[in-house]
Amino acid sequence: MTNHPSAGQAAWGSGSSAPPGRTATVEIVVPVHNEERALAGCVDVLRDHLARAFPFAWSITIVDNASTDGTPDIAAGLAARLPGVRLLSLPRKGRGLALRTAWTRSAADVVVYMDVDLSTGLDALLPLVVPLVNGHSDISVGSRLAPGARVVRGPRRELISRCYNALIRLTHGVRFSDAQCGFKAARTDVIRPLLARVEDDAWFFDTELLLLAAYNGLRVHEVPVDWVEDVDSRVHLVRTVLDDLRGLVRVARAKVTGRARVPGLPRRPALRPAHPDAVLAADGALRWHVASFAVVGALSTVAHLGLYAALRLAVPVLPANLIALSIATVLNTEANRRLTFPAPNGRAPRSPLRIHVLAMAAFGLYYALTSGALLTLHAVVPDPPSGLELAVLVGACALGTVGRFLVLRRWMLHPAGK
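Quick note, the numbering used here runs 176 ahead of the 1-based positions in the sequence shown.
Listed below in structure tokens is the structure:
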């Protein structure tokens with residue numbers, strides 16, 4: 177591994193040190209592999225934009241990933257003659273490896289990553305960085321799928337991107353819309369602990385980083401971008417998608433086992449209960465929880481009845497009811513997890529799988545409560561009137577519903593891992 181200049185030297189674009197009036201330092205990392213045609217033009221355009229429209233002290237680090245063409249020589253020449261540009265040479269390929277190495281060694285306050293093709297419009301660079309500099313957010317990502325984004329790309333890549341990001345949101349319950357846009361930034365003090373847990377060194381690196389950030393309660397800021405597809409892209413889509421699917425499974429397993437919990441990350445303080453706004457927020461949240469839980473429950477009941485009616489065409493009463501009720505419970509839990517009890521800001525959400533397992537356990541207790549109430553009634557009153565039986569069942573259901581509400585609210589809103 178070689179550096180031009182040395183890893184500890186900050187070559188800021190405005191001079192050897194951050195100039196007066198500039199409150200933060202930003203290092204922009206551009207990974208390259210066999211990019212001899214695009215590299216020089218990219219650096220020229222980027223430096224011109226930074227000099228004209230970027231208010232912070234900046235440096236550009238070109239990370240060469242074992243290029244076999246003229247890229248290393250071009251990069252070395254740029255680093256030698258242009259202030260604020262340096263070269264980091266790595267012996268093997270991997271976008272994730274490039275970012276991990278450069279970001280870990282960075283002395284800047286904020287680190288940025290962008291693709292060498294500059295597919296993303298540079299007007300989004302300042303909105304990407306500002307929320308990190310002022311402390312509002314921990315990680316910023318450019319999004320081609322957020323409202324306001326303008327994108328030019330083929331239908332095949334558009335479909336794959338939308339399906340992949342929808343799969344991420346469905347399986348991991350995250351809210352960011354675009355995991356793999358080559359335009360990201362992070363506070364350096366936040367990113368270092370995360371990098372120690374990110375395993376992928378290739379294209380899944382971005383997704384894994386964001387999944388761990390969201391799981392650990394960090395604030396991810398999205399910036400809608402202008403993006404034009406690079407027709408010379410050499411990404412192997414099918415192989416990349418398969419690797420990403422394996423990565424999603426691996427991260428889910430890490431959440432279940434606890435390996436996804438990252439110590440040493442900053443925690444955002446919760447609203448203090450004594451604050452008037454916090455009290456109002458808590459009251460409003462409780463009203464929302466009750467109303468949303470009731471609506472979800474009503475819809476789940478409709479789903480339960482519909483499934484039961486369909487299953488009764490092929491299976492006996494008890495199995496039909498058990499299967500329909502189990503499916504409705506899963507749907508109910510997922511809807512409540514996403515809509516009724518989303519994780520509060522600054523707190524890491526519990527694992528979706530863990531929540532579903534706990535919810536099924538609560539369902540078992542609910543089922544035992546209602547069945548036990550009926551069995552107890554029949555033991556005390558051998559032949560109870562139908563009205564009494566119905567009243568006992570309604571009471572047991574009401575008690576079980578309140579208990580389930582309190583249990584789910586506690587599980588889903590309580591800080592993960594505590």
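Cβ atoms here follow ideal geometry from the backbone N, Cα and C, with glycine treated the same way. Remember, it's a predicted structure, so these values are computed and weren't measured experimentally.
Closest by C-alpha distance to residue i, when choosing among the options
{"i": "Lys269", "options": "Val578, Val208 and Thr280", "result": "Val208"}
{"i": "Leu475", "options": "Gly579, Thr505 and Ala229", "result": "Thr505"}
{"i": "Pro369", "options": "Val350, Arg320 and Ala389", "result": "Ala389"}
{"i": "Ala574", "options": "Arg333, Ala549 and Tyr340", "result": "Ala549"}
{"i": "Arg422", "options": "Arg333, Thr347, Glu203 and Leu264", "result": "Thr347"}
{"i": "Ala255", "options": "Trp279, Ala274 and Val219", "result": "Val219"}
Whole-number beta carbon distance between residue j and residue i, since they are thought to touch under 8 Å
{"i": "Asp285", "j": "Leu394", "result": "Not a contact, Cβ separation roughly 16 Å."}
{"i": "Phe634", "j": "Gly272", "result": "Lying before the first or after the last residue shown, residue 634 is absent from the chain, which here runs from 177 to 594."}
{"i": "Val432", "j": "Leu529", "result": "6 Å"}
{"i": "Ile367", "j": "Val239", "result": "Incorrect: roughly 15 Å between the Cβ atoms, too far for contact."}
{"i": "Leu292", "j": "Leu226", "result": "Contrary to the premise, residue 292 reads as Val rather than Leu in this sequence. At roughly 15 Å, the Cβ-Cβ gap does not stay under 8 Å, so Val292 and Leu226 are not in contact."}
{"i": "Ile344", "j": "Thr296", "result": "Not really, about 20 Å apart at Cβ, beyond 8 Å."}
{"i": "Arg276", "j": "Leu371", "result": "5 Å"}
Residue i (DSSP reduced to helix, strand or coil)
{"i": "Asp419", "result": "helix"}
{"i": "Gly253", "result": "helix"}
{"i": "His397", "result": "strand"}
{"i": "Arg268", "result": "coil"}
{"i": "Trp279", "result": "helix"}
{"i": "Asn508", "result": "helix"}
{"i": "Ala592", "result": "At Ala592, the pLDDT of 47 sits below 50, so the modelled position is not reliable; the number obtained from the coordinates is stated separately. In this structure, Ala592 counts as coil in the three-state DSSP scheme."}
{"i": "Val328", "result": "strand"}
{"i": "Ala450", "result": "Summary for Ala450: the model assigns pLDDT 48, below 50, so the residue's position carries little reliability, and this model does not support an answer."}
{"i": "Gly579", "result": "helix"}
{"i": "Val557", "result": "coil"}
{"i": "Glu334", "result": "helix"}
{"i": "Asp533", "result": "Before going on, a small fix: residue 533 reads as Val here, not Asp. Note: Val533 maps to helix in three-state DSSP."}
{"i": "Val306", "result": "helix"}
{"i": "Asn341", "result": "helix"}
{"i": "Gly311", "result": "coil"}
{"i": "Ala496", "result": "helix"}
Residues bridged to residue i [DSSP beta-bridge criterion]
{"i": "Tyr289", "result": "Val205 and Lys360"}
{"i": "Thr296", "result": "Trp403"}
{"i": "Ser468", "result": "Note: Ser468 sits in no beta bridge, so no partner."}
{"i": "Trp379", "result": "In DSSP, Trp379 forms no bridge with anything."}
{"i": "Asn241", "result": "Leu266"}
{"i": "Ser235", "result": "Glu203"}
{"i": "Gly677", "result": "In the structure as shown, the chain starts at 177 and stops at 594, and residue 677 therefore has no counterpart that could be examined."}
{"i": "Val261", "result": "Ile236"}
When the Cβ atoms of the region 552 to 566 are set against those of the region 473 to 493, are three or more pairs found closer than 8 Å?
-> no
Stretch-stretch touch, CB-based, cutoff 8 Å, three pairs: the region 203 to 217 with the region 239 to 254 | yes
Spell out a yes or no on whether the region 398 to 407 and the region 309 to 325 are touching, meaning 3 or more CB-CB pairs, one atom from each, closer than 8 Å.
-> yes
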